[in-house]
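Working notes for the structure below.
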Amino acid sequence: MNLSAYFNKGYNYTDYLKKIENQLKELENGNDPDGYAEHYSINLKRIERLNKIFELNDEQKEKLSRIKPKFKILTISEGWCGDASQIVPVVEKIAKELGIEHYIVLRDSNPELMDAYLTNGSKSIPIFIGVNEEGKEIFRFGPRPSEGMEILKRAKENPAGYDPDQFHKDLQLWYNKDKGNSIFNELYELISK
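57 is the number of the first residue of the sequence shown in my numbering; add one for each residue after it.
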């Protein structure tokens, strides 16, 4: 699959945030049969907080300075996704530090792309794809760091005793405590090869 065309369909980070804000406004204006407005609203607050407080530290910047990137990043995301609200801002700061393009496409508007990037048969997002100059995938990261996947695994192993609300609370608490370090470390492992 040549991924180059998806960059033309995607949004840069600023436009992605505007798209989420516009989607929230539409939902708040009564077009919300599935109750998504709350998710968009919470996620916008998370993104705004991370945009303000998350900074790469000196060690992380030094590590990134050793990379001579020959790739750009294509992200599959949606504004309602809690994981995306925690990960996309961190990946954006990494992309800026590297001086590379980072474009975001919406999962639900690009089913053929999403179908090529399923996680265990599921349309889980966000998915981050490193794309070389020929439009080919050179790495993939997502839908969440390994510790987040462990939290999900524990929830699925005990569905009767671990309700979805508790899973989401535990996951968000973990993201808050981790402060983007696992995202950086796992993505760095992929891009530094």
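For each residue, glycine too, the CB sits at the ideal point set by N, CA and C.
Original post:
From what residue to what residue does the alpha helix (DSSP H) around Phe240 run?
Top reply: 237-247
Subject >> Stretch-stretch touch, CB-based, cutoff 8 Å, three pairs: the segment 185-201 with the segment 209-223 >> reply: Taking 8 Å as the limit for Cβ pairs, the verdict is that the segment 209-223 does not touch the segment 185-201.
Original post:
Are the beta-carbon atoms of Leu130 and Glu153 separated by less than 8 Å?
Top reply: With respect to the 8 Å criterion, Leu130 and Glu153 are not classified as neighbours on the basis of their beta carbons.
**OP:** May I ask which residues mark the beginning and end of the beta strand (DSSP E) holding Tyr159?
**Re:** 158-162
**OP:** Could you tell me if Leu246 is buried or exposed, where buried requires 16 or more neighbouring beta carbons within 10 angstroms of its beta carbon?
**Re:** exposed
Subject >> Candidates Glu115, Ser178, Gly138, of which the one nearest Ile98 by Cα >> reply: Gly138
Original post:
Would you report the Cα separation of Phe184 and Asn85, rounded to the nearest angstrom?
Top reply: When rounded, the distance between both Cα atoms is 32 Å.
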